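Enquirer: Sharing a structure here in structure tokens format.
Numbering (this note's numbering), first residue to last: 1 to 194.
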């Protein structure tokens, strides 16, 4: 490559890098995961990580038409559930999420139209990007729902990701057997050494 072309290419790459840094803060992304160990589980874990824009005076972050993650007609539809303490949104101050809204909107003609909102007790004081982190639990038993009414999968819209998955449960039986074998080997080695 000619030296002049290489310099132009380097200059253009630098300009593009600077433009990417100056993109508006609204280019944010959040990942929300709902998980449980089995279909019959009524206590689900909700995890939120990433950044989301929240408007001044709002008390929630909403994800509309994010995918058909709820089985329509049996799963939660237009319902709020209390969240245990654990999910926070922070900028200069930190707010704790208190509820989650789950909505199966298959009654409309749009596909992939279920909604989800994470709700806070307090109103946010300014328009800004807030950093979400943490996990909380919701209990669906009072509304006679369970994890089996959710559709396992990954749903993406506008850079945000919503995941419904089984949570991993440690296999305590094989872990205990492995630890027992390790203790036996150590005891045998100790006897040999004296």
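Ideal placement from N, C-alpha and C gives every residue a C-beta, glycine not left out. From a predicted model like this one, the values you see are computed outputs, not experimental measurements.
Taking the C-alpha atoms as reference points, what is the distance between residue 51 and residue 90?
Expert: By one-based count along the chain shown, residue 51 stands at place 51. By one-based count along the chain shown, residue 90 stands at place 90. C-alpha separation (whole angstroms): 9 Å.
Enquirer: Confirm, please, whether the CB-CB distance from residue 55 to residue 127 is below 7 Å.
Expert: As a position in the chain shown, residue 127 is number 127, starting the count at 1. As a position in the chain shown, residue 55 is number 55, starting the count at 1. Their beta carbons are under 7 Å apart, which means residue 127 touches residue 55 by this criterion.
Enquirer: What span of residues does the beta strand (DSSP E) with residue 165 cover, start to end?
Expert: Position 165 of the chain shown, counted from the start, is the residue given in the question as residue 165. Residues 160-166.
Enquirer: Keeping to the same chain, check which residues put their C-beta closer than 7 Å to that of residue 143; ignore five residues upstream and five downstream.
Expert: Taking the chain shown and counting its residues from 1, one reaches residue 143 at position 143. So the qualifying residues of the chain are 76, 79.
Enquirer: How about residue 160 and residue 114: do their beta carbons lie closer than 7 Å?
Expert: Indexing the chain shown from 1 puts residue 160 at position 160. Indexing the chain shown from 1 puts residue 114 at position 114. Contact: no.
Enquirer: Could you name the residues of the same chain whose beta carbon sits closer than 8 Å to that of residue 19, not counting the 5 residues immediately before and after it, in chain order?
Expert: Sequence index remark: in the chain shown, residue 19 carries index 19 (1-based). With a pLDDT of only 37 at residue 19, under the threshold of 50, the placement of this residue in the model should not be trusted; the figure read from the coordinates follows. Cβ contact annotation for residue 19 (same chain, cutoff 8 Å, sequence separation greater than five): none.
Enquirer: When DSSP labels each residue in this structure, what does residue 132 get in the three-state scheme?
Expert: Within the chain shown, numbered from 1, the residue matching residue 132 stands at position 132. Here residue 132 sits in strand by DSSP.
Enquirer: Using the beta-carbon count (16 or more within 10 Å), is residue 165 buried or exposed?
Expert: What you label residue 165 is simply residue 165 of the chain shown in a count that begins at 1. By the 10 Å Cβ count, residue 165 comes out exposed.
Enquirer: Name the one or two DSSP bridge partners that residue 31 has.
Expert: By 1-based counting over the chain shown, the position of residue 31 is 31. DSSP output for residue 31 lists 49, 161 as bridge partner(s).
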